[in-house]
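Numbering (UniProt numbering), first residue to last: 1 to 1134.
Just so it is clear, CB atoms sit at the ideal spot from N, CA and C, and this is done for glycine as well.
Predicted model only: the values in this text are computed from it and were never measured.
Everything on this sheet refers to the single structure shown next.
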């Protein structure tokens, strides 16, 4: 007995059986099923093949087969939801709406929508029952009386115990049915639409998929189990979101569907999700089937909302898309879209003053949007007239043997291009130039695209944010030590750009040669105009322009020089470095493609090395300069441009071809193509459809990609986004994505005990606070095992490097709760009564009952109008709100911090919020965020002043690639504001413990405000120890805090030094070069510190180093820091 593949349906249709002796692609099974159900070619892309027994979806390229004698059951399901039921109805067909209705109906009856059976929705669910009955009565022409003896089940088993459903069609169900029948007006489609609309409103997450995965693998091997959910239309977390599975806390947003870039997979079941904003997200699945199911879900939504012709993951291609691409055929696009595109793309480029004409013989191939196996060819037939009267349409039919036939003729062909070529030659049909599908087509196929959603990354010249400046010629000082680099028409010289009397930076200045100043000035300015608007980290950044004496383009200076020379002369460049160089170049190419710009001069010598270290190799694409092609460029010019080389400067596909040759140079370590052949001989070689030989040392996948960039047919070449996706996949799969990101967890096993710093001097103390009750503090559930992520309303998405403090203590003989009197402490001079035990991890006086809390700062929630969420952390979120003061009768904008709902440690988090309020309420300083009050009911929320310019970190990073940058006096003003705020905290005996640029806010007039006192602690002596399972930001922590969880004002001074480094590095990540987090403590003991930031005054760096002294007593106080900063400011800015 042969095996059977059986496809089941929710509509009551008989299942479709396929012989298991053959293998079938999952997509083909979906297509055949949709044909069987009269679901059209457009809507069929919403459907997938679901394995009911394993609750898994098959990707479209999955081969399905069964063993002899087995029967494998699948269901056809609508997998990809549209933004609304209305759009589903308008963009698809009646069969699709009916199938989704039947699918939802069965899910409801069989208990697969649990939200409807509990709580407030239980009664609403009976409204769905009534709607279902009405639909049945209309379609089967059954009366109300007839329904009393109707045998069909409409009510789920779990709801039949409800008194409202006892006695079929009794009150109030009978009344609901009667009213609905009147409103339905005998229109079953109207009823189905309302049923689905009601269901999706009651359960917005209906149809979403949930995956249990592992994320954030730390260096200590720990993994977190999370729930991963995809819903593109979620009101708060559209796209991809996750939460810790164990504690079922609030969700964390990963990214929208439109912000996905590409996905890479490895055989160890891990997935890398690359996003437009933020570092990649790494996820580990339990098995391949789960991994493929998840990736195919994201891919499907991306295709149906962003780029219909693009697969996010190269390892899961859509089979039908590959076939269409090979034929240059569009999917089942609408006639109106096809005609509009044909009219636009058939225009012949002419001078602006000349009237446009169309290229006769341009054509578009498309699938029929209503019938399967039918294709149309729309051909432009007139040079002058416009609109549909200028278009002739031919119909092509695919027969049972898979051959293509043009209607009206008998000849059949294996492919459509063969058919069109035959009829163009034999029957003189004018098929001249095919217009292929584009990734940027906005057609009716984008069924899941949200309304009014456009390509946000594409900017027009009218609204771009150009950061380049007009530079006075006397602000440039040319270097006498570095020789100029001459080119054919221009030269590049090193210089220094003076920004103030004491502040300058190295720059590269490109200017025309003397003999070309007059002849090529217009071309030079045109090229500069293009470069001024290019802003990407893989492209050499433009500082500005000098308009006279000389006219020049000023760019960042990259001292390592051109990539080809670097590769030729260095022996320490690894193979992975070469792949990473190709990756950065691909990102630059993709950026230009999105901006609809062409580079025109992608060459290995036109790329500059930005940095080279043990774990990174960063290169940047330089400007194209004035483009004048010669025969020497033949290796980078595609064959379609041989008749006119200048066409290569106007084609992104020519850039793709040049990318292939440039990557060939990179993997050849700077080698020159065909050095023994003349350009003429090389051209003859290429015309024979021959190419360069891929070096034997080149990785196979990389060699294949290079060749795909050289395809003779330009329309078949790799698209830029696909290139980035594939190169990234090579890095991830083969080289384990050696690119590291700045957020990791320290391996506590590597921790070693170090000599204790001396006890710091005790600052001026304020009156002590009465000790808290031990009995109350013992109620606090400690430790917290979930990872800590501090949150404030600035830079909230930024992760932190963290260290689990209590775990660190497990490998050192430091104080714990049970060893409070242990004399073997970190500081041999300390007294045990100056140490705080685990119960003292909170400030004193934190009672747990609301009635004994301080009521003086309690705010009624009725006086608070929540606006929107402006930030999010692991446990909390920050919202913008309006607060009405009932005493002063005034309103003001405020920031509200609240604990996420459903957090199992919520009571602990609430206590921490009270502790934060208690500390902040006692503070009053211009450089400290002001507390306004606390809301307790219906939930606990901390209300603070709203600081409108966000975090200092984001503020600094926004200037990183701008010119002019902030002057030193501005940076010193930031530093002074932070120091003055911290000096005030020191006088109040408050240790902040989380001082960093991300936790400093910038208000109007650049006022500095220290925020986020979630980790702050009042100390009763010189220092205290923290014993906790919290994860802490290690790179900002002092040596004694990392090793012994020991904090004081002098550990805050260390953190201030790191913050000062952030300020003068414009928000760089404070990681010591070549020192991973797991080795940070050892590196600090050895004396390693952060290096001098570029252009940072030496006096400022000396102050940083003083803040990082290993002995805390050797560090300055904040009062001394203020004196030093004022002295530096006087010296630098006088």
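Q. For the 8 Å Cβ check, are there 3 or more pairs between the stretch 70 to 83 and the stretch 40 to 60?
A. Cβ pair count under 8 Å is three or more, so yes.
Q.
Measuring alpha carbon to alpha carbon, tell me which residue in 130, 213 and 208 is nearest residue 181.
A. Comparing alpha-carbon positions, the option among 130, 213 and 208 lying closest to residue 181 turns out to be 130.
Q) Rounded to a whole number of angstroms, what is the C-alpha to C-alpha distance between residue 781 and residue 1095? A) Here the model assigns residue 781 a pLDDT of 30, short of 50, so the residue's position is not dependable and the matter cannot be decided.
(Q) What does the alpha-carbon distance come out to for the pair residue 881 and residue 868? (A) Computed Cα separation, rounded: 7 Å.
Q. Quick one: is residue 1128 buried, meaning 16 or more other Cβ sit within 10 Å of its Cβ, or exposed?
A. Here residue 1128 is buried, its C-beta having at least 16 other C-beta atoms within 10 Å.
Q.
With a threshold of 7 Å on Cβ separation, who are the neighbours of residue 728 within its own chain once the five nearest residues in sequence on each side are excluded?
A. The residues are 262, 264, 274 and 583.
Q. Relative to the alpha-carbon of residue 1004, which residue among 1054, 427 and 949 has its alpha-carbon at the smallest distance?
A. When only C-alpha atoms are compared, the closest one is 949.
Q: In angstroms with no decimal places, state the Cα-to-Cα distance between residue 1037 and residue 931.
A: Going by the C-alpha atoms only, they are around 26 Å apart.
**Q.** Beta bridge counterpart(s) of residue 330 as assigned by DSSP
**A.** Residue 330 is bridged to 366.
Q: Run the CB neighbour count on residue 784, radius 10 Å, all protein chains shown included, and call it buried at 16 or more, exposed below.
A: With a pLDDT of only 26 at residue 784, under the threshold of 50, the placement of this residue in the model should not be trusted; the figure read from the coordinates follows. Burial call: buried.
Q) Is it buried or exposed for residue 1105, if we count other Cβ within 10 angstroms and need 16 for buried? A) Per the 10 Å Cβ criterion, exposed.
Q: Rounded to whole angstroms, what's the CA-CA distance from residue 21 to residue 4? Just pull it up for me.
A: For the pair residue 21 and residue 4, the Cα-to-Cα distance works out to about 8 Å.
Q. DSSP beta-bridge partners for residue 108?
A. In the DSSP output, where bridge partners are listed per residue, residue 108 has none listed.
Q) beta strand (DSSP E) containing residue 6: first to last residue? A) Residues 4 to 8.
Q) With residue 281 and residue 964 assumed to form a contact (beta carbons below 8 Å), what rounded beta-carbon distance in angstroms separates them? A) Contact annotation, residue 281 with residue 964: C-beta distance approximately 36 Å; criterion of less than 8 Å not satisfied.
Q: Let me know if residue 402 comes out buried or exposed under the rule of 16 or more other beta-carbons within 10 Å of its beta-carbon.
A: Burial call: exposed.
(Q) Is any non-hydrogen atom of the ligand ATP found closer than 7 Å to the C-beta of residue 597, if you look at the structure I gave you? (A) In the structure shown, the ligand ATP is absent, as is every other ligand, since no ligand is present at all.
Q. Touching or not, the stretch 541 to 560 and the stretch 689 to 701, by the rule of three or more beta carbon pairs under 8 Å?
A. Taking 8 Å as the limit for Cβ pairs, the verdict is that the stretch 689 to 701 does not touch the stretch 541 to 560.
Q) With respect to the beta strand (DSSP E) encompassing residue 261, which residues constitute its N-terminal and C-terminal limits? A) Segment 260 to 265, the beta strand (DSSP E) holding residue 261.
Q.
Give the list of continuous alpha helix (DSSP H) stretches no shorter than 4 residues that lie fully inside the stretch 1032 to 1113.
A. Complete alpha helix (DSSP H) runs here, min 4: 1039 to 1044, 1049 to 1064, 1080 to 1085 and 1098 to 1107.
Q.
Can you confirm whether the stretch 51 to 61 touches the stretch 91 to 102 when touching is taken to mean that 3 or more C-beta pairs between the two stretches lie within less than 8 Å?
A. Below 8 Å, too few C-beta pairs join the stretch 91 to 102 and the stretch 51 to 61 to call them touching: fewer than three.
Q) When the Cα of residue 539 is compared with those of 558, 484 and 429, which residue comes out closest? A) Relative to the Cα of residue 539, the nearest Cα in the group 558, 484 and 429 belongs to 558.
Q: Compare the beta carbon distance of residue 250 and residue 97 with 8 Å and say whether it is the shorter of the two.
A: Contact flag unset, no.
Q | Length of the line joining the Cα atoms of residue 488 and residue 525 | A | For residue 488 and residue 525, the gap between their C-alpha atoms comes out near 16 Å.
Q.
Less than 8 Å between the beta carbons of residue 666 and residue 581, yes or no?
A. The answer is yes: Cβ separation under 8 Å.
Q | Pairwise C-alpha distance: residue 603 and residue 284 | A | Going from the Cα of residue 284 to the Cα of residue 603 covers about 38 Å.
**Q.** Whole-number beta carbon distance between residue 896 and residue 878, since they are thought to touch under 8 Å
**A.** That pair is a contact at about 7 Å.
Q) What is the rounded straight-line gap between the Cα of residue 315 and the Cα of residue 692? A) Here the alpha carbon of residue 315 sits roughly 27 Å from the alpha carbon of residue 692.
(Q) When you compare the stretch 966 to 981 with the stretch 995 to 1010, are there three or more beta-carbon pairs, one atom per stretch, that lie closer than 8 Å? (A) A contact is defined here as three or more CB-CB pairs under 8 Å, and the stretch 966 to 981 meets this definition with respect to the stretch 995 to 1010.
Q. What are the residues that DSSP puts in a beta bridge with residue 282?
A. According to DSSP, which records beta bridges pairwise, residue 282 is partnered with 272.
Q.
According to DSSP, simplified to helix, strand and coil, what is residue 931?
A. Reduced to three states, the DSSP call for residue 931 is strand.
(Q) Quick test of the definition: if touching needs 3 or more C-beta pairs under 8 Å, does the stretch 320 to 329 touch the stretch 423 to 438? (A) These segments touch.
**Q.** Nearest-angstrom Cα separation, counted from residue 1060 out to residue 1097
**A.** Those two C-alpha atoms are separated by around 12 Å.
Q. Looking at C-beta atoms only, is the number of pairs between the stretch 21 to 38 and the stretch 359 to 371 that lie closer than 8 Å three or more?
A. Look at the beta carbons and you see the stretch 21 to 38 not touching the stretch 359 to 371: under three pairs across the two are nearer than 8 Å.
Q: Go ahead and label residue 501 buried or exposed: buried means 16 or more other beta carbons lie within 10 angstroms of its beta carbon, across all protein chains shown.
A: Residue 501 is classed as exposed because its beta carbon has fewer than 16 other beta carbons within 10 Å across all chains shown.
Q) Using 8 Å as the Cβ pair cut-off and three pairs as the minimum, do the stretch 565 to 575 and the stretch 508 to 516 touch? A) Result no; under three Cβ-Cβ pairs closer than 8 Å.
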